[in-house]
Structures are given as C-alpha cells and as structure tokens.
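**Student:**
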Amino acid sequence: MVTEQLEKVKEYVKESRVYKSMFRRGFEDTPRNRVLAIMGNVFLHLHPSHVKRHSVKLTHTWCMGGITFLLFLVLCFTGVFLCFYYHPDKINAYRDMKYFEYDVPFGVVLRNMHRWAAHLMVITVWLHMTRVFMTGAYKPPREFNWVVGVVLLVLTLLLSFTGYLLPDDQLGFWAVTVGTNMARATPLLGHEGPFGEQIGATAYNDIRFALLGGSVVGGNALLRAYIWHCVAMPVTAIIFLAVHFWRTRKDGGTSGPL
Amino acid sequence: MWHNIWKIASKPDNIPIVGMLFLVMFFGVLSFYLALKNDRIRAAAASRRKEGQPKAKGDVVDVIDIMYPESEQGLPKKISCWPHLVKLEFICAIAVMALLMFWSVPIDAPLEEPSSPALTPNPSKAPWYFLGLQDMLVYFDPWIAGVVLPTFIILGLMVIPYMDVNPKGSGYYTFRERKFAILTYWFGFFVLWVIEIVIGTFCRGPGWMFFWPGQEWDPHRVVAEVNINFNEFLANATGMAGLKSATAGLVIGIGTILGYYVLGMALPYLWLMRRNPVILEQLGFIRFNIVGFLFWTMMALPIKIVLRLIFHVKYILVTPWFNI
Amino acid sequence: MEENKPKEATEAEVKGVLEHPKPAPPPGAQAERSRRGFLVKLGWAGFALFQLSWIVAFMRVFFPRVLFEPPTSFKVGYPWEYTVGVVNTRYQQQYRVWIVRESEGFYALLAKCTHLGCTPVWWEGENKFKCPCHGSGFTKEGVNYEGPAPRPLERLKISLAEDGQILIDSSLVFRQERGEWEKPGAFLKV
Numbered sequence: 116m117v118t119e120q121l122e123k124v125k126e127y128v129k130e131s132r133v134y135k136s137m138f139r140r141g142f143e144d145t146p147r148n149r150v151l152a153i154m155g156n157v158f159l160h161l162h163p164s165h166v167k168r169h170s171v172k173l174t175h176t177w178c179m180g181g182i183t184f185l186l187f188l189v190l191c192f193t194g195v196f197l198c199f200y201y202h203p204d205k206i207n208a209y210r211d212m213k214y215f216e217y218d219v220p221f222g223v224v225l226r227n228m229h230r231w232a233a234h235l236m237v238i239t240v241w242l243h244m245t246r247v248f249m250t251g252a253y254k255p256p257r258e259f260n261w262v263v264g265v266v267l268l269v270l271t272l273l274l275s276f277t278g279y280l281l282p283d284d285q286l287g288f289w290a291v292t293v294g295t296n297m298a299r300a301t302p303l304l305g306h307e308g309p310f311g312e313q314i315g316a317t318a319y320n321d322i323r324f325a326l327l328g329g330s331v332v333g334g335n336a337l338l339r340a341y342i343w344h345c346v347a348m349p350v351t352a353i354i355f356l357a358v359h360f361w362r363t364r365k366d367g368g369t370s371g372p373l
Numbered sequence: 042m043w044h045n046i047w048k049i050a051s052k053p054d055n056i057p058i059v060g061m062l063f064l065v066m067f068f069g070v071l072s073f074y075l076a077l078k079n080d081r082i083r084a085a086a087a088s089r090r091k092e093g094q095p096k097a098k099g100d101v102v103d104v105i106d107i108m109y110p111e112s113e114q115g116l117p118k119k120i121s122c123w124p125h126l127v128k129l130e131f132i133c134a135i136a137v138m139a140l141l142m143f144w145s146v147p148i149d150a151p152l153e154e155p156s157s158p159a160l161t162p163n164p165s166k167a168p169w170y171f172l173g174l175q176d177m178l179v180y181f182d183p184w185i186a187g188v189v190l191p192t193f194i195i196l197g198l199m200v201i202p203y204m205d206v207n208p209k210g211s212g213y214y215t216f217r218e219r220k221f222a223i224l225t226y227w228f229g230f231f232v233l234w235v236i237e238i239v240i241g242t243f244c245r246g247p248g249w250m251f252f253w254p255g256q257e258w259d260p261h262r263v264v265a266e267v268n269i270n271f272n273e274f275l276a277n278a279t280g281m282a283g284l285k286s287a288t289a290g291l292v293i294g295i296g297t298i299l300g301y302y303v304l305g306m307a308l309p310y311l312w313l314m315r316r317n318p319v320i321l322e323q324l325g326f327i328r329f330n331i332v333g334f335l336f337w338t339m340m341a342l343p344i345k346i347v348l349r350l351i352f353h354v355k356y357i358l359v360t361p362w363f364n365i
Numbered sequence: 000m001e002e003n004k005p006k007e008a009t010e011a012e013v014k015g016v017l018e019h020p021k022p023a024p025p026p027g028a029q030a031e032r033s034r035r036g037f038l039v040k041l042g043w044a045g046f047a048l049f050q051l052s053w054i055v056a057f058m059r060v061f062f063p064r065v066l067f068e069p070p071t072s073f074k075v076g077y078p079w080e081y082t083v084g085v086v087n088t089r090y091q092q093q094y095r096v097w098i099v100r101e102s103e104g105f106y107a108l109l110a111k112c113t114h115l116g117c118t119p120v121w122w123e124g125e126n127k128f129k130c131p132c133h134g135s136g137f138t139k140e141g142v143n144y145e146g147p148a149p150r151p152l153e154r155l156k157i158s159l160a161e162d163g164q165i166l167i168d169s170s171l172v173f174r175q176e177r178g179e180w181e182k183p184g185a186f187l188k189v
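Those protein sequences? They're chains A, B and C, same order as listed. Read in order, the letters of the first sequence are residues 116 to 373 in the working numbering. Read in order, the letters of the second sequence are residues 42 to 365 in the working numbering. Read in order, the letters of the third sequence are residues 0 to 189 in the working numbering.
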C-alpha cells in the first residue's frame with residue numbers, strides 16, 4: 116500500500132516539468148544512458164564516455180591524480196571557512212589562531228583538516244608524478260600536459276609555503292624568513308646574490324623586497340602571503356587544472372594514446 | 042634512543058614525512074613490481090614467437106595487452122566510464138575523506154608561540170617539503186642551493202618529455218625498455234629528494250648539526266671540522282704550496298668545473314658512439330648536451346656531499362663575487 | 000594531403016592542383032603588400048609595447064614607496080651603563096642589535112647571520128655567537144669562524160647623540176671583508 120503510494124509520488128516527480136528540466140535521462144542501465152550520464156553532466160564530462168579497460172585498474176593509476184584534485188577541493192572548501200574568521204594582519208593573525216583553537220565551533224578540526232590535507236596533497240602530487248613517469252604517460256602526444264603538471268606541482272608547493280606564514284607563529288615566521296632569504300641570493304635580482312650589488316640591488320629594491328613588500332617579514336608580507344595563498348595562486352591553479360584535465364581527456368585519458 | 046626518534050617522528054608536522062616515506066617506498070616497489078612483471082610476460086611471449094610456437098592463450102600482441110589478466114583477454118577493450126570509473130573515483134574519495142577525518146580529529150595542527158624576529162628557534166626548519174633544499178645549503182651557497190638548483194629542478198622536470206626520445210614504454214609499466222630514464226628518475230626523486238628530506242627532519246638538530254637517529258640533540262656539541270677550498274686540498278694532497286694562491290684557485294676552480302661538464306658529456310658520447318650510435322642519432326647534438334648538463338648538475342650534489350663529508354672541501358671555485 | 004584526394008585523380012592531376020600557378024600580381028601590388036606588411040608589423044609592435052609597459056607597471060606595484068618598519072636610528076642608553084668586555088643583548092629583541100663594550104670603546108653588531116639572516120644567539124660561556132639555523136659561529140668581534148656563514152657579521156654606525164646617549168643607525172652598515180670596520184662610525188671610542 117505504502118510502496119504503491121511512494122511509487123506514485125516517484126512517478127509524479129519524474130514526470131514533472133521541474134525534474135525533467137534538470138535531468139534528461141532515465142535510470143535504466145543501457146549503453147545510451149551510460150554515455151548520457153557522462154556527457155550530460157558538466158562535472159562528469161571531464162571523463163570520456165569510454166575508457167580502456169586497464170585504465171580503471173587501481174594498480175595502473177593508483178588514483179593519485181584524482182585524490183590530488185579531491186584534496187584541492189577539500190582545501191578550497193575548508194579554506195573558505197577559515198577565511199570567515201581570519202584577519203591577515205600582525206595584530207589579529209595569531210589571535211585568530213587561538214580563536215580557532217578555543218572558540219570557533221569546529222575551528223580546530225577545520226584548521227587541522229586544512230593543514231593535513233595540504234601536506235597530503237604535496238605527497239599525492241609527487242606520487243602522481245611518479246606514476247605518470249613510470250607508465251611513460253608523458254610521451255607523445257602528451258608532452259605538454261606533463262609541463263602543465265610540473266607547473267601545478269610548483270603551484271602546490273608554493274600554495275603550501277604561503278599558507279605556512281599565515282598563523283604568524285614562530286614556525287611559519289622562521290620558515291618563511293629562511294625561505295625568502297634565499298631570494299636575496301638570487302643572481303642579479305637579489306642584493307646578496309652574485310652581481311646583485313654590482314648592478315645596484317639593495318634590501319629595498321631587490322626581488323625579496325617585492326615578495327615581502329618590505330625589508331622584513333612584517334605586516335605587508337603577511338598580507339601578500341594571504342592574497343597569494345587565497346586568491347592569486349588558487350585562481351592560477353584552477354586555470355592550469357582546467358588545461359591539465361582537458362588535455363588528459365583529449366589525449367586519450369589515463370589509458371595511453373588513443 | 043627510541044625515545045628520541047619517537048619524539049621527532051610524533052611531532053604533528055613530521056607525521057606526513059613518515060607517511061610519505063612509506064608511501065613512496067610502497068608505490069616505488071609496486072611500480073617496479075608491475076614493470077618487471079610486464080617485462081617478463083613480454084619476454085616470454087617474444088621467445089615463444091621466435092621459436093615459431095603457436096600463440097598461447099594470453100600471449101601478448103599489442104603491448105597494451107599486458108594490462109589484462111588472461112581472464113579478460115577476450116572482453117572488449119573499452120568500457121564505459123559510468124559506472125566503472127566513476128564508481129572507483131567515488132570509493133577512493135570516500136576512503137581519502139575518511140582518512141583525513143581520522144587524522145584531523147585527534148591530531149592538532151602545530152601552533153607555536155607568536156612570531157618574534159629576535160628569537161630564532163633552534164633548529165629552525167623550512168616546511169618539510171623544502172627540507173631537501175635547506176639541507177643542500179650545507180654543501181652549496183644560498184644562490185645555488187636556494188635559487189639555481191631549484192630552477193634547474195623545475196626546468197629539468199619540464200623538459201623530460203622533450204628529452205626522452207624513446208618511443209617505447211608509453212602507457213604501460215616497463216623497466217627493460219627505459220632503464221636510464223627510470224633509474225635517473227628514482228635517483229633524483231628518492232635518493233636526492235626524499236632521503237634529503239628524511240635527513241633534514243631526523244638527522245639535523247640544533248645548529249643544523251648532523252645527529253644519528255636516536256642521538257640526543259645537544260646544542261653545545263662541538264664539531265671539530267675545518268673546511269678548505271679545493272685548490273688548498275689539491276695543494277695538501279700534492280705538496281705543491283703554489284696551488285694555494287687565489288689565482289691558482291681561480292684557475293683550478295674554473296678548470297675543474299669546465300672539465301667536469303666537458304668530460305661528463307664527452308665520455309658518454311664516445312661510449313655511445315661505440316656501443317649504440319642509434320641513440321645518439323635519435324637524441325641529436327643539442328638534446329644530448331641538455332640531458333648531459335642537467336644530469337651532471339644533478340650529480341653535482343652527491344659529488345659535493347662526498348667531497349665535503351670525506352675530504353672537507355668547502356668550495357670548488359672561489360671568486361670575489363660568488364663561490365661554488 | 001594526398002589521401003584526401005578523390006580516387007580518380009591521377010598523380011599528375013594532383014600535382015597540377017598543388018602546383019597551380021598563382022595569378023600574376025597586378026602592378027604595384029608588391030609595394031602595396033610590403034606597405035601593408037609593414038603596417039601590420041607596426042600594429043603588433045605597438046600592441047606588444049603596450050602590453051609590456053602594463054606588465055612593467057604591474058611589477059612596479061610590488062615595490063611599496065612608504066614602509067611602516069621600525070626606525071633605523073635609535074638610542075641605546077648612556078655609555079656608563081655598559082660593562083667592559085660584556086656583550087649587551089638587551090636591545091636584541093627590539094632593534095636586533097648587540098652592543099659590545101671593549102676597553103677602548105663600543106661597537107654595534109647587527110644580530111643577523113650573514114648566511115641566511117637568522118638571529119644568532121650569544122653564548123656567554125663559549126664566548127661566541129651561534130646561529131641556530133645552520134650552525135654558523137662568530138667570535139665576539141663578529142668574525143665568522145665556523146659553519147656556512149660566508150663573511151663576518153655587519154657592524155652598524157655608532158655615535159654619540161647630543162644628549163650623551165649612544166646613537167645607532169642601522170641603515171649604515173660596515174663590512175669587515177671590505178675593510179670598513181676601520182672607517183669612522185664603525186667604532187665609538189671613549
């Protein structure tokens with residue numbers, strides 16, 4: 116009796132104009148529906164409709180690229196939530212960390228997830244690269260996609276690095292100080308690098324100054340790290356990700372050249 | 042001893058390093074296992090073909106065939122993404138999210154005291170994924186270790202597809218067909234990058250001094266070590282005091298570095314000329330030199346480590362503007 | 000190319016199609032074309048120049064004009080507050096400087112390792128500055144003697160202010176390897 120009623124409701128919903136405007140295929144497991152499931156969905160159509168049989172084997176792909184993208188999404192998601200409470204200035208930044216720790220509902224878990232997902236993403240990117248290398252998946256015609264992948268690897272490391280400064284604690288401060296001090300030693304562009312001084316570089320006009328917005332890791336540096344971390348680099352990464360996925364798909368997916 | 046190791050390994054920020062080490066080793070073994078298995082299957086099939094035997098069940102015709110176990114040989118080679126691939130991705134996503142949850146609830150992200158420019162923690166370390174670069178600072182000046190070598194790492198990775206002219210091994214695991222490429226990759230990735238990170242984490246204590254795992258980190262330990270430049274080392278070794286002058290150092294330094302690259306490219310060239318001229322033809326002159334340059338730049342790190350740790354050589358080349 | 004041709008086309012015909020002579024250009028067209036080519040090039044050059052100047056302008060944005068950093072010139076008390084032979088670390092936190100009182104006078108060392116800019120620590124018992132980052136060691140005078148530091152610590156300009164206090168100007172540094180420690184300002188005689 117109840118089942119009958121439910122069946123009727125289901126039928127009604129599936130026949131309604133609203134439902135039909137959103138979903139255009141049935142649920143019968145037919146080859147046509149399988150294709151439509153992929154092609155009729157903006158997210159799923161990153162995939163081709165068919166792939167070679169071996170490319171869905173876990174031992175072949177390790178699923179590392181997919182996991183990396185998942186972690187990127189997790190980081191975007193938790194990052195947006197962290198942004199609701201965080202102020203990128205010298206007075207508030209550290210205070211906000213304590214706020215997360217003791218006051219913000221689920222603040223601790225949010226921050227933990229953001230950090231551990233970031234660390235995990237660095238590892239999965241390396242493993243993805245290793246897998247791609249070991250299966251020779253960078254060989255023609257997919258050379259350029261490997262280059263895009265290397266750009267994404269560098270962006271991952273830089274995203275992680277800029278995020279390191281944001282809590283404004285001793286750990287991040289000194290990691291970034293040591294890191295950016297290497298920029299001082301850039302040949303020609305840094306004031307302590309080879310030939311830097313000879314062409315007039317000082318602590319106030321070299322590349323480190325441009326990165327930090329000052330001669331010390333201070334308020335400007337915090338704000339710049341924040342903007343790079345939350346806006347500039349994620350947007351860049353998304354653009355490169357789009358190219359990366361699109362080219363993977365056009366060049367035959369993970370299964371090798373078509 | 043174990044107490045000390047545990048103290049370092051259980052620091053929240055070091056957990057990923059321990060995880061990474063095991064993950065990299067696991068997947069490294071897995072990839073070599075798959076590669077060698079493929080090689081074995083294909084070699085067996087090839088030898089059967091050569092002896093004129095009939096094609097056995099599961100024999101390899103197309104290289105991609107090695108991907109399938111015998112039970113799947115007759116099936117269509119393409120399958121639909123929905124549900125096969127999407128299902129797998131979904132399960133992977135759930136597993137990773139579960140791992141992340143179980144990791145994030147009990148283990149807190151580290152937070153130290155508020156930043157203070159006047160108090161440097163000892164040791165103060167870069168984020169773990171850059172510890173390899175930080176450890177290189179022991180052997181090279183900052184402009185090399187912090188700028189030039191990372192640039193070469195990135196550029197070197199980017200040019201891999203354009204340097205690797207070997208058409209074999211595209212889309213499947215193999216070792217036999219790409220020995221040089223794979224060994225170079227694992228040397229650079231595992232031996233230089235991953236092991237340097239592990240050393241930077243577990244063996245570098247206060248003052249960036251080297252401590253064996255388990256050794257107590259004593260900031261007041263004195264390391265009696267006098268490092269000399271390469272020309273002084275040569276002078277001591279040969280007994281020619283004249284080599285100690287700055288001019289001699291300049292000449293020896295430039296000569297050594299030039300000789301290193303020139304010989305490093307010329308000797309393999311001659312060797313390949315004799316053994317396998319086809320590879321040289323495929324590579325071409327420019328590509329051969331780029332590969333040689335990047336390869337020997339990578340090898341400069343272990344060579345410099347050996348020179349420093351065993352012969353206490355500080356710089357190869359000393360100039361008024363920069364040292365190498 | 001050739002696979003796309005219809006089957007009946009013979010080789011000669013295909014060749015003929017491919018090598019079909021272009022109509023002779025009307026007189027003056029050569030000049031016209033080169034003029035147009037020049038204008039096109041000029042247009043693209045202007046576009047590239049425009050883009051380039053914008054890139055340079057955006058690069059300039061990264062260099063701020065005004066800095067809100069601690070003042071470079073500051074007073075560190077009266078000379079009689081200092082004990083002979085002792086390294087004063089009282090101003091390390093605030094100004095990142097150590098003031099050393101010798102029997103002949105004073106000098107100020109910038110508390111910044113010459114390797115990668117960490118802040119070394121003064122170890123009274125071992126009579127040295129030790130950098131925690133990569134283990135560089137400096138003598139009390141600031142001379143590097145162990146670890147990766149490539150040169151001695153920098154000394155800052157030190158003088159007496161009008162009110163008799165010691166005045167340090169951290170924007171003016173003196174580097175030993177250039178013989179600048181002998182210059183006036185690197186050492187305050189009393």
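Glycine included, every Cβ here is placed at the ideal spot set by N, Cα and C. As the structure is a computational prediction, the values presented were derived from the model and not from experiment.
1. Could you check what DSSP says for residue 107 of chain C in three-state terms: helix, strand or coil?
2. Going along the stretch 146–176 of chain B in order, which residues come within less than 9 Å of chain C, judged by CB to CB distance?
3. Tell me which same chain residues have a C-beta within less than 6 Å of the C-beta of residue 354 of chain B, skipping the five on either side of it?
4. Would you mind giving the Cβ-Cβ distance between residue 165 of chain B and residue 132 of chain C, rounded to the nearest angstrom? I have them listed as a contact below 8 Å.
5. Can you list, in chain order, the residues of its chain whose CB lies under 6 Å from that of residue 291 of chain B, leaving out five sequence neighbours each side?
6. Might you give, ordered along the chain, the residues of its own chain that have their beta carbon closer than 8 Å to the beta carbon of residue 69 of chain B, omitting 5 neighbours on each side?
7. Taking 9 Å as the CB-CB cut-off, is residue 130 of chain C touching chain A?
8. With distance defined between alpha-carbon atoms, name the residue in A:286, A:309, A:159 nearest to residue 364 of chain B.
9. Check the Cβ-Cβ distances between residue 324 of chain A and every residue of chain F, and say whether any is below 9 Å.
10. Taking 9 Å as the cut-off, decide whether the C-beta atoms of residue 330 of chain A and residue 68 of chain C are in contact.
11. Closest Cβ-Cβ distance between residue 249 of chain B and chain C: below 9 Å?
12. Is the stretch 146–156 of chain C in contact with the stretch 100–111 of chain C, if contact means three or more CB pairs nearer than 8 Å?
13. Measuring alpha carbon to alpha carbon, tell me which residue in B:295, B:286, B:328, B:179 is nearest residue 306 of chain B.
14. Rounded to a whole number of angstroms, what is the C-alpha to C-alpha distance between residue 182 of chain A and residue 175 of chain B?
15. Between the C-alpha atoms of residue 256 of chain B and residue 244 of chain B, what's the straight-line distance to the nearest angstrom?
16. Quick check: what's the CA-CA separation for residue 323 of chain A versus residue 100 of chain C?
17. Restricting to Cα atoms, I'd like to know which of A:239, A:211, A:364, A:132 is closest to residue 260 of chain A.
18. Thinking C-beta only, is residue 202 of chain B closer than 9 Å to residue 253 of chain A?
19. Among B:332, B:130, B:338, B:157, which residue has its Cα nearest to the Cα of residue 292 of chain A?
20. Helix, strand or coil: which one does DSSP assign to residue 234 of chain B?
21. For residue 313 of chain A, decide whether its Cβ has a neighbour in chain B, counting only Cβ atoms nearer than 9 Å.
22. Would you say residue 110 of chain C lies against chain B (beta-carbon separation less than 9 Å)?
23. For a minimum of 3 consecutive residues, which ranges assigned as the beta strand (DSSP E) are wholly contained in the stretch 328–358 of chain B?
24. Taking the alpha carbon of residue 230 of chain A as the reference point, which residue from B:141, B:154, B:360 has its own alpha carbon closest?
25. Where residue 185 of chain A and residue 205 of chain B are concerned, what is the direct C-alpha to C-alpha distance, given to the nearest angstrom?
26. Of all the CB atoms in chain A, is at least one closer than 9 Å to the CB of residue 70 of chain C?
27. Indicate whether the contact test is met: 3 or more Cβ pairs, each with one atom in the stretch 117–128 of chain B and one in the stretch 156–167 of chain A, closer than 8 Å.
28. What's the call for residue 284 of chain A, buried or exposed, on a 16-neighbour Cβ count within 10 Å?
29. Do residue 146 of chain C and residue 130 of chain C have their C-beta atoms within less than 9 Å of each other?
30. On the CB-based measure, 16 or more other CB atoms within 10 Å of its CB, does residue 169 of chain B come out buried or exposed?
31. Would you kindly work out how many angstroms separate the C-alpha atoms of residue 289 of chain A and residue 159 of chain B, rounded to a whole number?
32. Can you look up residue 259 of chain A in the DSSP assignment and give me helix, strand or coil?
33. Since residue 163 of chain B and residue 248 of chain B should fall inside the 8 Å C-beta cutoff, what is the C-beta to C-beta distance between them, to a whole number of angstroms?
34. Which residues does DSSP list as the beta-bridge partners of residue 155 of chain A?
35. Measure the CB-CB distance between residue 318 of chain A and residue 326 of chain A and report whether it falls below 9 Å.
36. For residue 147 of chain C, return the contacting residues in chain B, with the cut-off set at a CB-CB distance below 7 Å.
**Tutor:** According to the structure data:
1. strand
2. 157, 158, 159, 160, 161, 162, 163, 164, 165, 166, 175
3. 271, 274, 348
4. 5 Å
5. none
6. 227, 231
7. no
8. A:309
9. Reference to chain F is not applicable here, since the protein chains of this structure are A, B and C.
10. yes
11. yes
12. yes
13. B:328
14. 28 Å
15. 9 Å
16. 34 Å
17. A:364
18. yes
19. B:157
20. helix
21. yes
22. yes
23. none
24. B:141
25. 31 Å
26. no
27. yes
28. buried
29. yes
30. buried
31. 11 Å
32. helix
33. 7 Å
34. Beta-bridge pairing links residue 155 of chain A to no other residue.
35. no
36. 178, 179
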